[in-house]
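S.K.: The end of the sequence shown is residue 145 by our numbering, with every number in the run present. Ideal Cβ positions, reconstructed from N, Cα and C, are used throughout, including at glycine.
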Amino acid sequence: MRFTASPGVLPEEARLLRTLIFIEEQGFVREFDDLDDAAVHIVAFGGDKPIGTCRYYPRSDGSYAIGRIAVAREYRGKGVGSALVLEAERRVALLGAKITVVSAQLRAAGFYRSLGYTEQGSPYPEEHVPHILMVKGIENTKI
């Protein structure tokens with residue numbers, strides 16, 4: 003698996019994956035936002051095929067948000083999502099980040115717990131889907 007990173011420009015591969023997964027599969031309406039212009043977008047490739055994507059961006063408190071993690075259906079459960087999150091963590095650690103946060107779909111909280119994230123606060127809705135804020139200290143992330 004290889005990764006590409008695009009600062010401030012949403013790659014077409016990421017747009018297509020997010021449209022397929024968040025809009026068509028999950029029914030989100032407001033998938034694309036102004037944060038796309040401020041984020042670094044990572045795309046994972048299996049050979050020449052885009053198989054997953056995520057984005058990260060700095061928050062005002064000095065932490066970094068990792069989000070819009072999307073993996074093509076046929077690659078789910080094969081480590082692509084974990085690899086994307088770990089790649090984003092590695093990249094923000096290089097920028098000096100100590101904490102990463104994820105606005106996780108509640109049904110995916112176990113996935114993020116397995117990567118060392120802990121829940122903060124109570125669930126909240128994003129469109130029609132319950133989410134929970136999850137936080138991880140990345141001081142010891144291997145760079």
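If we count the other Cβ atoms within 10 Å of its Cβ and call it buried at 16 or more, is T55 buried or exposed?
M.R.: As a working mapping, residue 55 is identified with position 53 in the sequence shown. Buried, since its Cβ has 16 or more Cβ neighbours within 10 Å.
S.K.: Quick one: residues in its chain with C-beta nearer than 7 angstroms to the C-beta of V137, no 5 flanking neighbours on either side, listed in chain order?
M.R.: What you label residue 137 is simply residue 135 of the sequence shown in a count that begins at 1. Answer for V137: I101, V103, Y119, T120, Q122, listed in chain order.
S.K.: Any chance the stretch 7 to 25 sits against the stretch 66 to 78, with 3 or more Cβ pairs inside 8 angstroms?
M.R.: yes
S.K.: Whose C-beta lies closer than 6 angstroms to the C-beta of V131 among residues of the same chain, with five residues either side of it excluded?
M.R.: Position 129 of the sequence shown, counted from the first residue, corresponds to residue 131. So the list reads Q107, once near-sequence residues are dropped.
S.K.: Could you compute how far the alpha carbon of R115 sits from the alpha carbon of F34?
M.R.: By one-based count along the sequence shown, residue 115 stands at place 113. By one-based count along the sequence shown, residue 34 stands at place 32. Taking the straight line from one Cα to the other gives about 26 angstroms.
S.K.: Provide the residue(s) that pair with E121 in DSSP beta bridges, ordered along the chain.
M.R.: Here residue 121 refers to the residue found at position 119 when the sequence shown is read from its first residue. Note: E121 sits in a beta bridge opposite M136.
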